[in-house]
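Visitor: These protein sequence lines map, in sequence, to chains A and B. Note that full-length UniProt numbering has the first sequence beginning at 1, numbered continuously upward. Note that full-length UniProt numbering has the second sequence beginning at 1, numbered continuously upward.
Number of protein chains: 2
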Amino acid sequence: MSYTAPLKEMLFVMRDLADMTKVATLPGFEDANLDTAQAVLDEAAKFNGEVLAPLNIEGDRHPSTWANGEVTTTPGFKDAFRQFGEGGWQGVMHPVEYDGQGLPKLIATPCIEMMNAANMSFALCPLLTDGAIEALLTAGTDAQKQLYVPKLISGEWTGTMNLTEPQAGSDLALVRTRAEPQGDGTFKVFGTKIFITYGEHDMADNIVHLVLARTPSAPEGVKGISLFLVPKFMVNEDGSLGERNDVRCVSIEHKLGIKASPTAVLQYGDHGGAIGYLIGEENRGLEYMFIMMNAARFAVGMQGVAIADQAYQKAVAYAKDRVQSRPVDGSAKQSVAIIQHPDVRRMLATMRSLTEGARALAYVAAAHSDFAHHHPDEQVRASHQAIYEFLVPIVKGWSTEMSIDVASLGVQVHGGMGFIEETGAAQYYRDARILTIYEGTTAIQANDLIGRKTVRDGGATAQTLLTQVDQTIAALEHHDGAAFDAMHRHLKAGREAFANVVEFMVQNTKRDPNAVFAGSVPYLKLAGIVLSGWQMARALLVANEKRSEDEAFYGAKIATAHFFADHILPQAVALEASIVSAKGNEGVLALDIDQF
Amino acid sequence: MSYTAPLKEMLFVMRDLADMTKVATLPGFEDANLDTAQAVLDEAAKFNGEVLAPLNIEGDRHPSTWANGEVTTTPGFKDAFRQFGEGGWQGVMHPVEYDGQGLPKLIATPCIEMMNAANMSFALCPLLTDGAIEALLTAGTDAQKQLYVPKLISGEWTGTMNLTEPQAGSDLALVRTRAEPQGDGTFKVFGTKIFITYGEHDMADNIVHLVLARTPSAPEGVKGISLFLVPKFMVNEDGSLGERNDVRCVSIEHKLGIKASPTAVLQYGDHGGAIGYLIGEENRGLEYMFIMMNAARFAVGMQGVAIADQAYQKAVAYAKDRVQSRPVDGSAKQSVAIIQHPDVRRMLATMRSLTEGARALAYVAAAHSDFAHHHPDEQVRASHQAIYEFLVPIVKGWSTEMSIDVASLGVQVHGGMGFIEETGAAQYYRDARILTIYEGTTAIQANDLIGRKTVRDGGATAQTLLTQVDQTIAALEHHDGAAFDAMHRHLKAGREAFANVVEFMVQNTKRDPNAVFAGSVPYLKLAGIVLSGWQMARALLVANEKRSEDEAFYGAKIATAHFFADHILPQAVALEASIVSAKGNEGVLALDIDQF
Chain A
1 MSYTAPLKEM
11 LFVMRDLADM
21 TKVATLPGFE
31 DANLDTAQAV
41 LDEAAKFNGE
51 VLAPLNIEGD
61 RHPSTWANGE
71 VTTTPGFKDA
81 FRQFGEGGWQ
91 GVMHPVEYDG
101 QGLPKLIATP
111 CIEMMNAANM
121 SFALCPLLTD
131 GAIEALLTAG
141 TDAQKQLYVP
151 KLISGEWTGT
161 MNLTEPQAGS
171 DLALVRTRAE
181 PQGDGTFKVF
191 GTKIFITYGE
201 HDMADNIVHL
211 VLARTPSAPE
221 GVKGISLFLV
231 PKFMVNEDGS
241 LGERNDVRCV
251 SIEHKLGIKA
261 SPTAVLQYGD
271 HGGAIGYLIG
281 EENRGLEYMF
291 IMMNAARFAV
301 GMQGVAIADQ
311 AYQKAVAYAK
321 DRVQSRPVDG
331 SAKQSVAIIQ
341 HPDVRRMLAT
351 MRSLTEGARA
361 LAYVAAAHSD
371 FAHHHPDEQV
381 RASHQAIYEF
391 LVPIVKGWST
401 EMSIDVASLG
411 VQVHGGMGFI
421 EETGAAQYYR
431 DARILTIYEG
441 TTAIQANDLI
451 GRKTVRDGGA
461 TAQTLLTQVD
471 QTIAALEHHD
481 GAAFDAMHRH
491 LKAGREAFAN
501 VVEFMVQNTK
511 RDPNAVFAGS
521 VPYLKLAGIV
531 LSGWQMARAL
541 LVANEKRSED
551 EAFYGAKIAT
561 AHFFADHILP
571 QAVALEASIV
581 SAKGNEGVLA
591 LDIDQF
Chain B
1 MSYTAPLKEM
11 LFVMRDLADM
21 TKVATLPGFE
31 DANLDTAQAV
41 LDEAAKFNGE
51 VLAPLNIEGD
61 RHPSTWANGE
71 VTTTPGFKDA
81 FRQFGEGGWQ
91 GVMHPVEYDG
101 QGLPKLIATP
111 CIEMMNAANM
121 SFALCPLLTD
131 GAIEALLTAG
141 TDAQKQLYVP
151 KLISGEWTGT
161 MNLTEPQAGS
171 DLALVRTRAE
181 PQGDGTFKVF
191 GTKIFITYGE
201 HDMADNIVHL
211 VLARTPSAPE
221 GVKGISLFLV
231 PKFMVNEDGS
241 LGERNDVRCV
251 SIEHKLGIKA
261 SPTAVLQYGD
271 HGGAIGYLIG
281 EENRGLEYMF
291 IMMNAARFAV
301 GMQGVAIADQ
311 AYQKAVAYAK
321 DRVQSRPVDG
331 SAKQSVAIIQ
341 HPDVRRMLAT
351 MRSLTEGARA
361 LAYVAAAHSD
371 FAHHHPDEQV
381 RASHQAIYEF
391 LVPIVKGWST
401 EMSIDVASLG
411 VQVHGGMGFI
421 EETGAAQYYR
431 DARILTIYEG
441 TTAIQANDLI
451 GRKTVRDGGA
461 TAQTLLTQVD
471 QTIAALEHHD
481 GAAFDAMHRH
491 LKAGREAFAN
501 VVEFMVQNTK
511 RDPNAVFAGS
521 VPYLKLAGIV
531 LSGWQMARAL
541 LVANEKRSED
551 EAFYGAKIAT
561 AHFFADHILP
571 QAVALEASIV
581 SAKGNEGVLA
591 LDIDQF
């Protein structure tokens, strides 16, 4: 299986939609100009295409295996991970003082996309390590940061997030794992954690588990959860490894996809207690975990974009190669490559435009994160932070929902061959299916989008975005032609739909929460469609401007934006109908539980 | 894994939507009244629930295996197939003179649904045998019918359809398998066929292969294809088995789903030629194959309904059992079963309403087929035949497309557990994925819907259906309440969208075939949504009438119809936009092949 990073497209989005040049003016990012970005992306494309992509299908065929508490990863993964660490790829966006490269999230994001497109199962290990690094940087002591972060960045060690327990999935209030203080500042941790990605493996010398648990004095519910660091091997003060800690992998899951990524059941404290260290303050664990989780949610959104792009690339290659049937317009007497057939073209254009739209929205969000963290003006930071936080559940929820559809279309383009595992298209369909579930299901994202992001500020952030959309709509008006007409009409209708739903949410969430939350996922999808469509509209304007510079690239961009306008944006209005005009969603809630 | 046939729902659709009582007045169906139907369905529910359903997950875990040309099916399948044959289930809709039960398709259809819901991999064997029986009854000689059909109906032998070759998938013009006349009325067949469902297995004494091949004098293309019967074991005149024929299974595929169903590569004639018998006339093979295929396409549509219903049942059971998080409306301080959460309710209602709508449309189509075959008046027969033929690609295409979404939602309802194979939800997601591909991809169905079904009669059949939809819309006007309001509004809008698209197709297919066919699958989906919605509207009218007789059942029906109106029907308008207002789908076709 091959993967070619869409470097030109990535750089277009960074430069022309996500304001790369302005990001490079932020304090600390002075060297992070477009040339740097291009150099980093070139290297990333090389590493991911040459080292990780060939291992993707291997991982599916030879998943991680468990025996006697130890997990052996797919042949080749260990060596690839060594190269990954040596290449500095774990540190792209982490601080220079801990041996990271200190680059903007806007540059790290395409790197994350590439790695996930090349090999999602592999990329999950760094993804979780990123989360552990974030949490330590946020809430760890200086000593903890010094001891753990450089080793995590170098790839000598990896990190995990331990939230889920059998009875506590989305509902972390139900976490039961307990941490007993030992009087010496350490804790002994007891409990069972499930669904722990790379909770055990053989690719690094140590694993740093970040674990949600309750201290004996903790209040019930989510306000009584603390965050602990539990290393697989104890760490001496000089960073060398000590004894094995009392955390064991008792099994790994047999999954639909991402089979190379070991999903561990971890047992803490069966032999006297696993030594753990409190991170930050007691009972604030959930807060810290949310920092990790927001970073991870954004990254999972990028997994959606990545797998969609990979599925698209594979489908295009097959459609150009496979000869079958004469063209419907009678333009040839012979059978032609199936990409000549209008419905295959429609499927490929759907895959492409959804992927481009979601990618653009995600990169734009990444730039907002850079401004939110690095802009000298506090008010500017706050305003970018609000937009970034608004976009995170959309990037996570929408990119992943669309990725399942795109991967499914990828199978469809392959016809019967798509259903045969050897072809590889089916792997994306299986792998993608986890994305709308882990790091918070789409419904959890949608609840976040409604509650914390839309309603809490009375719709203010949504309104900020709508105002920006309006500027784009106004700009579209100055142009003629079918693409501009379609985009103007459908983006405007989508914008109205979005605005109506926001108003509905703001006005009814308290009064009729069931009605509002019955429309939560439709709202998230609507937001994803309209805001991605907005990016496609911005791309259309730029492409129209620059068309003569590169007809092939910008012409394709215009056609893709046109397609998005005609085929994807109209769904926003249908979604609005299912939220607002459904008036309280009586249809959803009228069925008694017994009637199901 | 358990399966409970939705008998009440099935009987409701048969009686109140598909005119069972009228079907039972047709010549030959005098005994096929509602009581008969109920008795047959009760028995079918028992057999499928008790015998086939428990083997479904077994088939996924222990797929058919190949060794030395022989295929061993999943343990338990052989015995279950014996019971299937002895129970007379293969013969439900086949003629009494060949030992069938001679029941209407309207009664056979729920039986087919149940078997596929219980165990789709198993059900594929009877599905293909049905096709072989149809072809023999249509085109076989009396001697051929007498020799083969009773054994196929009894389950002693099974049948296959051999169309596909490596270079000839959707494009049968490329078929290369050749049949050489031996001068004694027999032929020797040489060639390779792939993707042959149950092309080899151990569940029956013999396998009757129906094979598309070319005679030496045949013209090129689809007009030079003939149909041959090639038995695995030669059959003596008394029906006893003779020597092994020269057809060998050289491998079976490693597939994403329906793993228990062996998908064979068959090699004909490697040792001197496989003896084959011409079925019907030379060079008319494709015509006969289409008869089999139309029956098979309808049945695959039922597979979509079946797997959607099974995925729904499983998701409901999990959602009632799994306790997680407090309700959003603050109505409980404790965590509740997740079915209490509005978005879970929305997902389940989506699954349910899509399934009910597609089922109703399919049963209605089955009744049209019964009228088309059994009504004494030729003109009445012709008019029902036209409607049935219009509906077949929609039943096939739409039921299967929606089944993938429904199975995917089923995984989503299960959260993280849905991704774990042991749970079983993932199997439906994998199994369903073949349905939009085999027996003609959705695009093939959509091309058929446009070309042969919509445009060839200038939209007349579509208009007949629209007129019937109008009558339902008019009936809705006489009622008040949220469900009726929503249904009236959205069905009317959907009907307009449908009518506009039909007009667009009729006017532009010749003039601009690429533009029309770029909208083919969207049109098929639109038709599926509107015509299913129409059935939901008819159900709403009946349920409203009868509500006091059975509040639980009819109340649920009203709520489900209401949901369909608010959440599913609005998509029709979005689809119309992507076909008609896209004005020639410049967006689809503007991208050059090199730009993909």
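Note that the Cβ used here is the ideal one computed from N, Cα and C, for glycine as well.
How many angstroms separate the CA atom of Lys8 (chain A) from the CA atom of Asp550 (chain A)?
Guide: Numbered from 1 along the first sequence, position 8 holds the residue referred to as residue 8 (chain A). Numbered from 1 along the first sequence, position 550 holds the residue referred to as residue 550 (chain A). About 11 angstroms.
Visitor: Quick check: the stretch 146 to 163 of chain A against the stretch 347 to 363 of chain A, are there 3 or more CB pairs under 8 angstroms?
Guide: Counting Cβ pairs under 8 angstroms, fewer than three are found: no touch.
Visitor: Need the endpoints of the beta strand (DSSP E) that Arg178 (chain A) sits in, please.
Guide: What you label residue 178 (chain A) is simply residue 178 of the first sequence in a count that begins at 1. 178 to 181 is the span of the beta strand (DSSP E), which, as asked, contains Arg178 (chain A).
Visitor: Would Tyr429 (chain B) pass as an interface residue toward chain A - the criterion being a Cβ-Cβ separation below 9 angstroms?
Guide: Taking the first residue of the second sequence as position 1, residue 429 (chain B) is located at position 429. Cβ-Cβ to chain A under 9 angstroms: yes for Tyr429 (chain B).
Visitor: Roughly how many angstroms separate the alpha carbons of Ala539 (chain B) and Asp457 (chain B), rounded to a whole number?
Guide: In the second sequence, the residue the question calls residue 539 (chain B) occupies position 539. In the second sequence, the residue the question calls residue 457 (chain B) occupies position 457. Cα to Cα, Ala539 (chain B) sits roughly 30 angstroms from Asp457 (chain B).
Visitor: Where does Ala67 (chain B) fall in DSSP's three states?
Guide: Here the question's residue 67 (chain B) lines up with position 67 in the second sequence. In this structure, Ala67 (chain B) counts as strand in the three-state DSSP scheme.
Visitor: Is the number of C-beta pairs between the stretch 4 to 19 of chain B and the stretch 103 to 119 of chain B that are closer than 8 angstroms three or more?
Guide: Judged by Cβ distances under 8 angstroms, the stretch 4 to 19 of chain B makes contact with the stretch 103 to 119 of chain B, as three or more pairs qualify.
Visitor: Threshold first: 3 residues or longer. Then list the beta strand (DSSP E) segments lying entirely within the stretch 167 to 255 of chain A, N to C.
Guide: List check, beta strand (DSSP E) in window: 178 to 181, 186 to 197, 206 to 213, 226 to 231, 233 to 235, 241 to 244, 247 to 252.
Visitor: Which residue's Cα is closest to the Cα of Ala53 (chain A): A:Phe81, A:Ala67, A:Ala32, A:Leu26?
Guide: Working through the first sequence from its first residue, we reach residue 53 (chain A) at position 53. Nearest option by C-alpha distance: A:Phe81.
Visitor: Can you tell me which of A:Phe596, A:Ile339, A:Leu136 puts its alpha carbon nearest to the alpha carbon of Leu210 (chain A)?
Guide: Stepping through the first sequence from its first residue, residue 210 (chain A) is reached at position 210. The residue with the shortest Cα to Cα distance from Leu210 (chain A) is A:Leu136.
Visitor: Just to confirm, are Ala337 (chain A) and Met536 (chain A) a CB contact at a threshold of 9 angstroms?
Guide: The residue given as residue 337 (chain A) occupies position 337 in the first sequence. The residue given as residue 536 (chain A) occupies position 536 in the first sequence. Their beta carbons are not under 9 angstroms apart, which means Ala337 (chain A) does not touch Met536 (chain A) by this criterion.
Visitor: When DSSP builds the beta bridges, which residues end up paired with Thr73 (chain A)?
Guide: Here residue 73 (chain A) refers to the residue found at position 73 when the first sequence is read from its first residue. Beta-bridge pairing links Thr73 (chain A) to no other residue.
Visitor: How far does the beta strand (DSSP E) with Thr158 (chain A) in it reach, from first residue to last?
Guide: Residue numbering aside, residue 158 (chain A) sits at position 158 when the first sequence is read from its first letter. Start and end: 157 to 162.
Visitor: Does any residue of chain B bring its CB to less than 9 angstroms from the CB of Asp171 (chain A)?
Guide: As a first step, residue 171 (chain A) is located in the first sequence; it is residue number 171 there, counting from the start. Chain B contact via Cβ: present.
Visitor: So is Gln571 (chain A) in contact with chain B if we call contact Cβ pairs under 9 angstroms?
Guide: Position 571 of the first sequence holds residue 571 (chain A). Output row for Gln571 (chain A): interface = yes.
Visitor: Residues of the stretch 283 to 299 of chain B with a CB closer than 8 angstroms to any CB of chain A: list them in chain order, please.
Guide: Cβ contacts with chain A come from no residue of the stretch 283 to 299 of chain B.
Visitor: Around the C-beta of Ile196 (chain A), are 16 or more other C-beta atoms found within 10 angstroms, so that it is buried, or is it exposed?
Guide: If you number the first sequence from 1, residue 196 (chain A) lands on position 196. Result: buried.
Visitor: Taking the beta strand (DSSP E) that Gly276 (chain B) falls in, what are its first and last residues?
Guide: For this step, residue 276 (chain B) is matched to residue 276 along the second sequence. Taken as a continuous stretch (DSSP letters only), the beta strand (DSSP E) holding Gly276 (chain B) covers 274 to 279.
Visitor: If you check the beta carbons only, do His254 (chain B) and Ile194 (chain A) fall under 9 angstroms apart?
Guide: Taking the second sequence and counting its residues from 1, the one referred to as residue 254 (chain B) is at position 254. Taking the first sequence and counting its residues from 1, the one referred to as residue 194 (chain A) is at position 194. In this structure, Ile194 (chain A) does not lie closer than 9 angstroms to His254 (chain B) by Cβ.
Visitor: How about Ser520 (chain B): is its C-beta nearer than 9 angstroms to some C-beta of chain A?
Guide: Within the second sequence, the letter at position 520 stands for residue 520 (chain B). With 9 angstroms as the cut-off, Ser520 (chain B) counts as an interface residue toward chain A.
Visitor: Taking just the CA atoms, how far does Asp448 (chain A) sit from Ala474 (chain A)?
Guide: Against the first sequence, residue 474 (chain A) aligns to sequence position 474. Against the first sequence, residue 448 (chain A) aligns to sequence position 448. Approximately 31 angstroms, taken between the alpha carbons.
Visitor: For my contact list, Asp309 (chain B) and Thr263 (chain B) are in at a C-beta cut-off of 8 angstroms; report their separation, rounded to the angstrom.
Guide: The residue you call residue 309 (chain B) lines up with position 309 of the second sequence. The residue you call residue 263 (chain B) lines up with position 263 of the second sequence. Not confirmed; about 24 angstroms, so no contact.
Visitor: Let me check understanding here. Comparing Cα to Cα, which of A:Leu26, A:Met20, A:Lys46, A:Ala45 lies closest to Asp35 (chain A)?
Guide: Your numbering for residue 35 (chain A) matches position 35 in the first sequence. Comparing Cα-Cα distances from Asp35 (chain A) to each of A:Leu26, A:Met20, A:Lys46, A:Ala45, the minimum goes to A:Met20.
Visitor: Which partner residues does Leu266 (chain B) have in the DSSP bridge list?
Guide: Residue numbering aside, residue 266 (chain B) sits at position 266 when the second sequence is read from its first letter. Answer by DSSP bridge pairing, in chain order: B:Lys193, B:Cys249.
Visitor: For the structure I just gave you, are there three or more beta carbon pairs, one from the stretch 388 to 397 of chain A and one from the stretch 207 to 224 of chain B, closer than 8 angstroms?
Guide: Touching, no.
Visitor: Report the rounded CA-to-CA distance for Leu435 (chain A) versus Gly416 (chain A), giving the unit in angstroms.
Guide: As a position in the first sequence, residue 435 (chain A) is number 435, starting the count at 1. As a position in the first sequence, residue 416 (chain A) is number 416, starting the count at 1. Straight-line Cα distance between these residues: approximately 25 angstroms.
Visitor: Distance cutoff 9 angstroms, beta carbons only. Does Tyr198 (chain B) sit that close to anything in chain A?
Guide: Working through the second sequence from its first residue, we reach residue 198 (chain B) at position 198. It does not: the Cβ of Tyr198 (chain B) has no partner Cβ on chain A nearer than 9 angstroms.
Visitor: Please report the straight-line C-alpha distance between His562 (chain B) and Ala482 (chain B), rounded to a whole angstrom.
Guide: The residue given as residue 562 (chain B) occupies position 562 in the second sequence. The residue given as residue 482 (chain B) occupies position 482 in the second sequence. Straight-line Cα distance between these residues: approximately 8 angstroms.
Visitor: Taking the straight line between their C-alpha atoms, what separation do you get for Gly301 (chain B) and Val395 (chain B)?
Guide: The sequence position of residue 301 (chain B) within the second sequence is 301, counting from 1. The sequence position of residue 395 (chain B) within the second sequence is 395, counting from 1. Those two C-alpha atoms are separated by around 5 angstroms.
Visitor: Would you be able to state if there are at least three C-beta pairs under 8 angstroms between the stretch 284 to 294 of chain A and the stretch 89 to 96 of chain A?
Guide: The stretch 89 to 96 of chain A vs the stretch 284 to 294 of chain A: no contact.
Visitor: In whole angstroms, give me the CA-to-CA distance for Val149 (chain A) and His62 (chain A).
Guide: As a working mapping, residue 149 (chain A) is identified with position 149 in the first sequence. As a working mapping, residue 62 (chain A) is identified with position 62 in the first sequence. Spanning the two alpha carbons is a distance of roughly 31 angstroms.
Visitor: Which residues in the same chain as Thr423 (chain A) place their Cβ atom closer than 7 angstroms to its Cβ, once the five residues preceding and following it in sequence are excluded?
Guide: Residue 423 (chain A) sits at position 423 when you count from the first residue of the first sequence. Here the set comprises His414, Met417.
Visitor: Would you mind reading off the limits of the alpha helix (DSSP H) that contains Asp470 (chain B)?
Guide: Locating residue 470 (chain B) in the second sequence gives position 470, where the first residue counts as 1. Run containing Asp470 (chain B): 460 to 476, per the alpha helix (DSSP H) assignment.
Visitor: Grouping DSSP H, G and I as helix and E and B as strand, with all else coil, what is Val336 (chain A)?
Guide: Sequence index remark: in the first sequence, residue 336 (chain A) carries index 336 (1-based). It is coil, neither helix nor strand.
Visitor: Give me the residue from B:Asp238, B:Cys125, B:Asp16, B:Thr4 with the minimum Cα distance to Lys557 (chain B).
Guide: The count along the second sequence starts at 1 and reaches residue 557 (chain B) at position 557. It is B:Asp16.
Visitor: Three-state secondary structure (DSSP) at Ile437 (chain B)?
Guide: Within the second sequence, the letter at position 437 stands for residue 437 (chain B). Residue state, collapsed to three classes: coil.
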